Amino acid sequence: MNEISSTLGRRGLFKLSGGLVVAFSLFNPADVLAANAKAAAGRPIPGGVPPDAGELSAWLAVHPDNTVTLYTGKVDVGTGAETALAQIAAEELYFPIDRLNVVMGTTSVTVNQGPSYGSRTIRYAGPQIRHAAAAGKAALFELAAKHFKVAAGELSVENGIISVKGARARSISYGKLVDGKKLNIEIGASGKSFDMVVAPQAQLKDPATYTVVGTSVKRKDIPAKMTAEYTYIQDLKVPGMLHGRVVRPYGVGATLLSVDETGLKEIPGFVQVVRRDNFLGVVAETEWGAIQAAQMLGSVLAPQSPTAGQAKWSDWNGLPEQDKIWDTVRAAPGQDVEVSRNGDVDAVLKTAAKTFKATFQTPFQMHGSIGPSCAVVDVKDDRCIIYSGTQMPHEARHVTAKLLGIPADRVELIWYGAPGAYGRNGLDHAIADAAIMSQAVGRPVRVQWMRWDEHGWEPKGPAIVQDLEGAVDADGKVVAWRHHMWLPTSMDTRLIAAALIGKPDVVGSVGMGTPAITYAYQFPNTDVADHAEGKVALLTAWLRSPAQFETTYAMEAFIDEMAAETGQDPLDFRLKHLNDPRAIAVLQAAAKLYGWEKRPARGQRPPAGSGPVTGRGMAWVNRDDARVATIADVTVDPSSGQIQVKRVVVAHDCGLVINPDGLKNQIEGNIIQSISRTLHEEVTFDRAHVTSRDWFGYPILRFSEVPDSIEIVFVNNTPEYPSYGGGEPATCPTAAVISNAVFDAIGVRLRQTPFRPERVKALIA
Amino acid sequence: MAQPMSGKPVTINVNGHDRVIDAPPDSMLLYALRDNLGLRGPKFGCGLSECGACTVIINGNAVHSCITPLSMAEGQKIVTLEGLGTKEHPGKLQQAFIDEQAAQCGYCIGGMIMTAQALLEQNPHPTRDEIKQALDGNLCRCGTHMRIIRAVERAANGAGEK
Chain A
155 MNEISSTLGR RGLFKLSGGL VVAFSLFNPA DVLAANAKAA AGRPIPGGVP
205 PDAGELSAWL AVHPDNTVTL YTGKVDVGTG AETALAQIAA EELYFPIDRL
255 NVVMGTTSVT VNQGPSYGSR TIRYAGPQIR HAAAAGKAAL FELAAKHFKV
305 AAGELSVENG IISVKGARAR SISYGKLVDG KKLNIEIGAS GKSFDMVVAP
355 QAQLKDPATY TVVGTSVKRK DIPAKMTAEY TYIQDLKVPG MLHGRVVRPY
405 GVGATLLSVD ETGLKEIPGF VQVVRRDNFL GVVAETEWGA IQAAQMLGSV
455 LAPQSPTAGQ AKWSDWNGLP EQDKIWDTVR AAPGQDVEVS RNGDVDAVLK
505 TAAKTFKATF QTPFQMHGSI GPSCAVVDVK DDRCIIYSGT QMPHEARHVT
555 AKLLGIPADR VELIWYGAPG AYGRNGLDHA IADAAIMSQA VGRPVRVQWM
605 RWDEHGWEPK GPAIVQDLEG AVDADGKVVA WRHHMWLPTS MDTRLIAAAL
655 IGKPDVVGSV GMGTPAITYA YQFPNTDVAD HAEGKVALLT AWLRSPAQFE
705 TTYAMEAFID EMAAETGQDP LDFRLKHLND PRAIAVLQAA AKLYGWEKRP
755 ARGQRPPAGS GPVTGRGMAW VNRDDARVAT IADVTVDPSS GQIQVKRVVV
805 AHDCGLVINP DGLKNQIEGN IIQSISRTLH EEVTFDRAHV TSRDWFGYPI
855 LRFSEVPDSI EIVFVNNTPE YPSYGGGEPA TCPTAAVISN AVFDAIGVRL
905 RQTPFRPERV KALIA
Chain B
2 MAQPMSGKPV TINVNGHDRV IDAPPDSMLL YALRDNLGLR GPKFGCGLSE
52 CGACTVIING NAVHSCITPL SMAEGQKIVT LEGLGTKEHP GKLQQAFIDE
102 QAAQCGYCIG GMIMTAQALL EQNPHPTRDE IKQALDGNLC RCGTHMRIIR
152 AVERAANGAG EK
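So the sequence lines, in the order shown, correspond to chains A and B.
The first sequence begins at 155 in the numbering used here and counts up by one.
The second sequence begins at 2 in the numbering used here and counts up by one.
Okay, here's the thing in structure tokens:
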């Protein structure tokens, strides 16, 4: 078994245990395999310490075959960030992008640029890489100046070949110039993570001359993904690896009473049970053997009782009732956080011409990766190598060190691509599971969760409840606005396995629900506040546009109600309360692309026996400075309650776009995923555990339900506007858009997601 | 290495080659392909025949390998994503997916391509509705559906409509 054919290696560089950086040809797979095998075999102590961000070699390596490797602590689990960051580097380096490869995430060879979440990669890591690459280009010019014995100003560069101006024969490639040496050049860096400043003195290229940034370069990872040559973490096999499976408690907080191992030894390849307090797992030589063993102990889709499997659990029923979850959320202890307070809302509500009131309820939802979480961990002799696709590799290294009680400088995380996670799903938890099992058996252990482990145990997006009140005066203007949110945490970073081994607080923290909202509306009297809570019911963590998907739904559906009930066009109504030019611009751009005709929402109940009715809806968001306006047409079938989204128009302003097609891919994904979350998705649970443990229990959007078209227009896509993130903002408006369109079509207000047919039908009746 | 896993090896034909698998006959084909043969095209997604990530083609039909016992695959002709082409020489459908940039994370895509491949072998010029119907059992969480549909249309029609 020798299949450590790592993406790391294929991309051109591997740091061997002696600290020597060996560059080899990207185009010679035999070299790569040989180097990988050697590296894997000869790694008694993992490279524990990330490189110094102030050194050029931390960011770039130039190889003799004139390829370049860019190193980044950022990772790409399907967003296209790898290619976009490569574009930024290639641009400043004047280097062909197809010869520039990217190594992501591996903690011994990349700088910690912060986790890859929150639409923060292009925005924060982009400038860091841009500066490092510009410093690299300057360093290469200095080398060339020495080589040709001319001033750097007499040199020009094209595609990684530096020439003396006016003497084309005198030219040299970056590869020849560097001649296999490490770029040990001080470029300077200060600060940490997102706020790190790199190579502040670097002379940047004039954006007006960009030739790579702003073009739809084809994504680097896609061809290999189409031909099964890409190594997902799930595909990785390391020498001596065992397969592990977890056996989770029946009830979330249950105690493990006993484990009957009868029959396990008869399973071909079975190795052993790993039991530590309430943590239970099995390891086997084969994946099938591990699955069989876990099943005997009780890891099945629909467990019948705490004692139905050979592992017996105490009867634990500590979860609140799902039917009353929003009451539970309201009653949970927390801290009030003021978002906006002006004037006197109560006084205005008493005297205003027209007042409004509504409550919005949204359920627990899940990330729902198609690939269940997986990690391979190799713990031996007080050192640990983690193979993982986590979105936060540098953090995971420290967390795992703490969990295992091993110094961080003896822990390395080698990063591999993972299926889309859309936030913090089970990937970090699978590391902990594999680490505990590997520590117990002294061999590398690969843990992949079963589908029911993922659905049942991945951290969820929290259930949220929001109350809104408002008033409109006789001139049709909003004069009072109250928005109270009860937000359980989306930042619980504790680990499932840590809790199960009886050390719930050894790593991570619970966090508090932060008010994920930006108020751009100009209302004279406001009372916007968040009741910030810790954990309520289920373990939660950030899920694409954490809480802002929900707060945008409430805010934009409520303002739509005010427009409709006062007979005003929903676009005009929004515009007259806004003075943010970028918000106004996206709303107008979406309206133009859609062909918006001014009229108030129709909001009529369909006559009995009516066929499908069409309506239109709009909403917008400011998500971490990116502005997105969405307009959609939906049809509602009054007889079935079925909603179908037909046409979607999106105006998107995240400033300068690095890769237009890549961003479109992300926006389309946001739209489809958020339609799914709006129409279908709700985690169900009983008093013991999550009961929506597969795709039937937790359905997501299918091909038959996708819109006919998603049309996208970019706004402010010019260098004057620095790049913000595009990974998640377009998720936010969708629930409000659909809710508003359903009102336009059939005159009912949907104030609770998901908008499943039975709920729509009940409201029509 | 460990003791033999079955005692009665099973022979299957994968991408044109006979392969002898040492695994229990009641184990699922997916694990034989991934773990015994080291293939990566078929993915574990659910193990419940609900998501399609494990799809392979057996005798011309798209099949979920996660619930197909190895014994049932004995002697059958199995095609995986690897059987359609390589990065250097992608198959027509793979090339269409590359041209349309029809992936985000790409974990579901092997199943998408194999399902679409089986469709096109049986119905070389499907309508958009037929494509959607054929792919309705394949789940994509990233929301790449529009591009996947366009990629299949591109392969079917020679050129994709944008």
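Backbone N, C-alpha and C define an ideal beta-carbon position, used for all residues, glycine too.
From a predicted model like this one, the values you see are computed outputs, not experimental measurements.
Item to check | Cutoff 7 Å; reference E308/A; Cβ partners in own chain excluding five residues on either side | outcome: V318, K319
Item to check | K93/B and A156/B closer than 7 Å at C-beta | outcome: yes
Item to check | Within chain B, partners of F295/A - CB distance below 7 Å | outcome: Chain B residues near F295/A: none, gap ~34 Å exceeds 7 Å.
Checklist entry - Can P474/A and D532/A be called in contact, C-beta distance under 7 Å? => result Cβ distance not < 7 Å, so P474/A and D532/A don't count as in contact.
Next on the checklist: Based on DSSP bridge pairs, tell me the residues matched to K78/B.
Outcome noted: N14/B
Checklist entry - Which word fits S592/A, buried or exposed, when buried means at least 16 other C-beta atoms lie within 10 angstroms of its C-beta? => result buried
Checklist entry - What number of angstroms, rounded off, separates the C-alpha of R648/A from the C-alpha of T554/A? => result 12 Å
Checklist entry - How is R728/A classed by DSSP in three states: helix, strand or coil? => result In the three-state scheme derived from DSSP, where H, G and I count as helix and E and B as strand, R728/A is classed as helix.
Checklist entry - Where does V21/B land, buried or exposed, given buried means 16+ other C-beta within 10 angstroms? => result exposed
Checklist entry - Just checking, does the segment 320-331 of chain A make contact with the segment 269-282 of chain A on the three C-beta pairs under 8 Å criterion? => result no
Next on the checklist: Is M147/B close to chain A? Criterion is C-beta to C-beta, closer than 7 Å.
Outcome noted: yes
Checklist entry - Who are the near neighbours of A212/A in its chain, counting only those whose CB is closer than 7 Å to its CB and skipping five residues on each side? => result P205, D206, Y225, V265
Next on the checklist: Taking CB distances under 7 Å as the criterion, tell me whether R151/B reaches chain A.
Outcome noted: no
Checklist entry - For K133/B and chain A, any beta-carbon pair shorter than 7 Å? => result Output row for K133/B: interface = yes.
Next on the checklist: Distance cutoff 7 Å, beta carbons only. Does A382/A sit that close to anything in chain B?
Outcome noted: yes
Next on the checklist: So, for G46/B: in the same chain, excluding its five sequence neighbours on each side, which residues have a beta-carbon less than 8 Å away from its beta-carbon?
Outcome noted: C52, G53, A54, C55, C67, Y108, C109, G112, L140
Checklist entry - Going straight from the alpha carbon of M27/B to that of V530/A, what length do you get? => result Position check: residue 27/B holds Asp in this sequence, whereas Met was assumed. Rounded to whole angstroms, D27/B to V530/A spans 26 Å at the Cα level.
Checklist entry - Which whole-angstrom value is the C-beta distance of R551/A and T789/A, which I expect to be below 8 Å? => result Incorrect: roughly 50 Å between the Cβ atoms, too far for contact.
Checklist entry - Of all the residues that make up the segment 349-377 of chain A, which are near chain B by a beta-carbon distance shorter than 9 Å? => result S370, K372, R373, D375, I376, P377
Checklist entry - Does the segment 429-446 of chain A come within contact of the segment 874-887 of chain A, defined as at least 3 CB pairs closer than 8 Å? => result Between the segment 429-446 of chain A and the segment 874-887 of chain A, the count of C-beta pairs closer than 8 Å stays below three; the two stretches do not touch.
Next on the checklist: Within 7 Å of any Cβ in chain A, is that where the Cβ of K88/B sits?
Outcome noted: yes
Checklist entry - So what does DSSP say about L96/A, is it helix, strand or coil? => result Here chain A has residues from 155 to 919 only, and residue 96/A is not among them.
Checklist entry - What residues from the segment 106-118 of chain B come within 8 Å of chain A, judged by C-beta to C-beta, listed N to C? => result Those residues of the segment 106-118 of chain B placed with their C-beta closer than 8 Å to a C-beta in chain A are C106, G107, Y108, C109, I110, G111, I114, ordered along the chain.
Checklist entry - Can a CB atom of chain B be found closer than 7 Å to the CB of Q956/A? => result Beyond the ends of chain A as shown, which are 155 and 919, falls residue 956/A; an answer cannot be given.
Item to check | Amino acids of chain A, ordered along the chain, whose beta-carbon sits closer than 8 Å to that of E122/B | outcome: Chain A residues near E122/B: none, gap ~18 Å exceeds 8 Å.
Checklist entry - Given 8 Å as the limit, is there contact between the segment 752-762 of chain A and the segment 895-903 of chain A, that is, 3 or more CB pairs closer than that? => result In short, these stretches touch, since the Cβ pair count reaches three.
Item to check | A37/B - DSSP class collapsed to helix/strand/coil | outcome: The identity of residue 37/B in the sequence shown is Asn, whereas the question assumes Ala. Residue state, collapsed to three classes: helix.
Item to check | One or two residues paired with L924/A in a DSSP bridge | outcome: With chain A represented from 155 up to 919, any question about residue 924/A goes unanswered, as that position is not in the structure.
Checklist entry - If you draw a straight line from the alpha carbon of T87/B to that of M115/B, how long is it in whole angstroms? => result 14 Å
Next on the checklist: Runs of 3 residues minimum, wholly inside the segment 459-532 of chain A: which ones carry the beta strand (DSSP E) assignment?
Outcome noted: List check, beta strand (DSSP E) in window: 465-467, 488-496, 508-516.
Checklist entry - Within the 7 Å Cβ cut-off, does S542/A reach chain B? => result no
Checklist entry - Should S179/A be flagged as near chain B, meaning a C-beta pair shorter than 7 Å? => result Unreliable positioning characterises S179/A in this predicted model, as indicated by a pLDDT of 32, which lies under 50. A coordinate reading is not provided.
Next on the checklist: Between the segment 244-252 of chain A and the segment 850-861 of chain A, can you find at least three pairs of beta-carbon atoms closer than 8 Å?
Outcome noted: At 8 Å Cβ cutoff, the stretches do not touch.
Item to check | C-alpha gap between K374/A and G280/A, whole angstroms | outcome: 17 Å
Item to check | Inter-residue CB distance, T221/A and R253/A (contact presumed, cutoff 8 Å) | outcome: Right, the Cβ-Cβ distance comes to about 5 Å (below 8 Å), so this counts as a contact.
Next on the checklist: Which residue wins for smallest C-alpha separation from G771/A, given the options D481/A, I339/A, L451/A, Y707/A?
Outcome noted: Y707/A
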